[in-house]
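S.K.: Quick one: structure below, then a few questions.
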Amino acid sequence: MPRLPAQPDPKRVPGADLARPLQHGRPARRGQVLPHGGIELLRLSRQYARPVRRAALLLALPIALASASASAQERATCAQASAPRGAAPFAVTFTASCAAASYHWDFGDGASADGASVSHTFGAGRFAITLTVTQADGSTTTERLGVDSLALALSVRHSGRYGKPLLFAGRLVPAETGRVRLYRGARFVGSAPLKRGGRFRMRPLLLSPGPWQVRYQGVVSRAVSVLVRPRLVARFDGSGAVGTPLAVVTQLAPAAAGQVSVRIWKNGTLRVSRTFGRPARIALDSSRTAAYRVAVTTTPRPGFARASRTFSIRLFLPTLRPGSSGPTVARLISSLAALHYAVRRTSTFGGELIDSLYAFQKVQGLPRTGVADTATWRALARPRLPHIRYSSPADHLEIDKGHQVLYVVRGGQVALIVPVSTAGIPGYFTPVGHFAIYRKVVGFDPSPLGTLFDPMYFTGGYAVHGNPTVPPYPASHGCVRVPMWIAPYLFQTNSYGETVYVY
């Protein structure tokens, strides 16, 4: 049986199954019958509207970004610089890569140029370069480029002292942040922060003339040099006392600063003239008093200043007192012995030397201190020689109460001078006159008035004898006291009948 074609549904709207675009106007309400299948289209539009819009946005975004990038690239690629940053003076070549009728460059420092490719040298600073491109129809576009031309300035004092801090200051143009680094030759010394205005300061120790430079990100300052004043040590090593070691020492710091010339005069006569390239020590003769003058000068090497010193010394005989020791004490004893003062040979200043000094100071009219001071040394250099009162007999003893000394006279000359202490206690006296030794006692002779050691009686109960206490002034009961250490010698060298003069 043949199939009959399907009969159209009288309720179905023709064309309702065809997709049609939404009609503009007010949105349909739920259940509203729209012409040309509008109900179905409304349902479909609501179902797929959000995914479609999202897809459309995702498709449109890359297109927009690509368009913006192309536009930016078109703007940025026309004006190009060979380098945007460098050390001043900074030479830069500018190139316009886009097609145009003319090109005009404004370099931002008052200079300009025309052409597709131009060059310009910038001083220190930060510059904005403007390219104006003119098309054939007269339209213009502009582009801008930035260029940094960096310069470092370094300043320092002309000279400084070796080993002392020295101020280095400078500035970076244009100002930036960071740190600059200081170099002495190829050696890194230190760094300093860049502060407001690009300024910096640092105080390294001055150890050489340089050259000194600062660096910052490949930018190097002009090299500067400093005249270094070296440290010259030139002095006497020693106290300057006669009989003690004395030398001239010299040293130049740094040793690379040059050579040192030394000239030494002794009592006005040039004795030494030498040049040294290293520390030196020159021994001087201090065996007797003398005056030395020394002149030290340097022959500087490049970068170092000349230095000089002049100094002098007059050798002196030091103050000696109990407890002193050494060759100067021995020299003092020898000087006293040469003048016939009773001494005991030793290298230490003890009680015996005090007694000897008392005798010398009494004869010279000096304060009786028992200390070898400047006045004593001066008197030793030009001593007052004692004069005896009596010449007969040729050998005798004289007791000088005024100077409180005893002279041992041999052959009419003073052979020995001994300190004594005569009567000084009220009511007692030491007789004066011409006497002779009539009694001698070996060792101690008991006496109610004190100790008598090795006494030699010259009249009555008066004797020359040893006593532990012999002050530099009259203090006895009438006898003539002498130091214990010299009493045995006097006892042995003066026999019975020896003439004694007391005055």
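Position one of the sequence shown corresponds to residue 6 (our numbering), numbered consecutively onward.
The beta carbon of each residue, even a glycine, is placed where N, CA and C say it ideally should be.
#1: Which residues bound the beta strand (DSSP E) around Y462?
#2: Nearest to R4 by CA position, among T381, A158 and P305, is which residue?
#3: Thinking just about the alpha-carbon of each residue, which of K445, P479, Y508 and G243 is nearest to the one in T498?
#4: Could you give the DSSP three-state label for E357: helix, strand or coil?
#5: Using only the alpha-carbon positions, how far apart do G245 and G375 sit?
#6: Give the secondary structure of T498 by DSSP, where H, G and I count as helix, E and B as strand, and everything else as coil.
#7: Within the 7 Å Cβ cut-off, does A141 reach chain C?
#8: Bridge partners of M489, per DSSP?
#9: Could you tell me the boundaries of the beta strand (DSSP E) in which A342 lies?
#10: Just the Cα atoms here: how many angstroms apart are A492 and K271?
#11: Kindly confirm or deny that the stretch 186 to 198 and the stretch 120 to 127 touch, where touching means at least three C-beta pairs closer than 8 Å.
#12: Look up I404 in the DSSP assignment and give the residues it is bridged to.
#13: For F365 and Y346, which I take to be in contact (beta-carbon distance under 8 Å), what is that distance rounded to the nearest angstrom?
#14: With DSSP run on the structure shown, which of helix, strand or coil describes R383?
#15: Look up P198 in the DSSP assignment and give the residues it is bridged to.
#16: For T145, count the other beta carbons within 10 Å of its own beta carbon; 16 or more makes it buried, fewer makes it exposed. Which is it?
#17: Is the beta carbon of Q418 sitting closer than 7 Å to the one on K367?
#18: Using only CA atoms, which one of L344, A335, L251 and G356 lies nearest to R350?
#19: Go through the stretch 416 to 461 residue by residue and report every complete run of the beta strand (DSSP E) that reaches 3 residues or more, in order.
#20: In the DSSP assignment, find the beta strand (DSSP E) that holds N272 and state where it starts and stops.
#21: Put F112 into one of helix, strand or coil per three-state DSSP.
#22: Between the stretch 155 to 174 and the stretch 81 to 89, do at least 3 Cβ pairs fall closer than 8 Å?
#23: Between the stretch 425 to 439 and the stretch 478 to 487, do at least 3 Cβ pairs fall closer than 8 Å?
#24: Which term fits H401, buried or exposed, when burial requires 16 or more other beta carbons within 10 angstroms of its beta carbon?
#25: Specify the secondary structure class of Q85 as computed by DSSP and reduced to three states.
#26: Nearest-angstrom Cα distance between L214 and K169?
#27: Given this structure, state the Cα-to-Cα distance separating L320 from L289, to the nearest angstrom.
#28: Rounded to a whole number of angstroms, what is the C-alpha to C-alpha distance between F184 and S160?
#29: Label Y501 either buried or exposed according to how many other C-beta atoms from any shown protein chain fall within 10 Å of its C-beta, with 16 as the threshold for buried.
#30: Do you know whose CA, among P388, F440 and T294, lies nearest E503's CA?
#31: Buried or exposed, going by whether 16 or more other CB atoms sit within 10 Å of the CB of A116?
#32: Since F354 contacts S317 with CB under 8 Å, what's their CB separation in whole angstroms?
#33: Among the candidates T147, S313 and V277, whose CA atom is the shortest distance from the CA of V238?
M.R.: Let me lay it out:
#1: It spans F458 to T464 - the beta strand (DSSP E) in which Y462 sits, taken as one unbroken run.
#2: Here the chain covers residues 6 to 508 and nothing more, so residue 4 does not appear.
#3: Ranking the options by Cα distance to T498, first place goes to K445.
#4: DSSP places E357 in helix when its eight states are reduced to three.
#5: Distance from the CA atom of G245 to the CA atom of G375, rounded to whole angstroms, is 23 Å.
#6: Note: T498 maps to helix in three-state DSSP.
#7: The displayed structure is made up of one protein chain only, and chain C is not part of it.
#8: Answer is none; M489 lacks a bridge partner.
#9: Note, A342: premise wrong, no beta strand (DSSP E); alpha helix (DSSP H) at P332 to A343.
#10: Approximately 45 Å between the Cα atoms of the pair.
#11: Contact between the stretch 186 to 198 and the stretch 120 to 127 is absent, because fewer than three Cβ pairs lie under 8 Å.
#12: Answer is L411 and V507, bridged to I404.
#13: Yes, they are in contact, since the Cβ atoms of F365 and Y346 sit about 5 Å apart, within 8 Å.
#14: Looking at R383 - three-state DSSP - the assignment turns out to be helix.
#15: P198 is bridged by DSSP to R184.
#16: So T145 ends up on the exposed side.
#17: Not in contact: Q418 and K367 (Cβ atoms no closer than 7 Å).
#18: Considering only alpha carbons, the answer is A335.
#19: Fully enclosed beta strand (DSSP E) runs of no fewer than 3 residues occupy 418 to 424 and 438 to 441 of the stretch 416 to 461, in order along the chain.
#20: Element bounds for N272: n/a, residue is neither H nor E.
#21: Correct three-state label for F112: coil.
#22: The stretch 155 to 174, when compared against the stretch 81 to 89, does not touch it at the 8 Å Cβ threshold.
#23: Enough Cβ pairs lie closer than 8 Å, so yes.
#24: H401 is buried by the Cβ-count criterion.
#25: Three-state result, Q85: strand.
#26: The displayed chain sequence assigns Pro, not Leu, to residue 214. Roughly 13 Å between the two C-alpha positions.
#27: Distance from the CA of L320 to the CA of L289, rounded to the nearest whole angstrom, comes to 11 Å.
#28: According to the sequence provided, residue 184 is Arg. The question's Phe does not apply to it. Roughly 17 Å separates the two Cα atoms.
#29: The Cβ neighbour count for Y501, taken over all protein chains shown within 10 Å, is under 16; the residue is labelled exposed.
#30: Distances from the alpha-carbon of E503 to those of P388, F440 and T294 put F440 closest.
#31: Exposed, by the Cβ-count rule.
#32: At roughly 29 Å, the Cβ-Cβ gap does not stay under 8 Å, so F354 and S317 are not in contact.
#33: Closest in C-alpha terms to V238, from the list T147, S313 and V277, comes S313.
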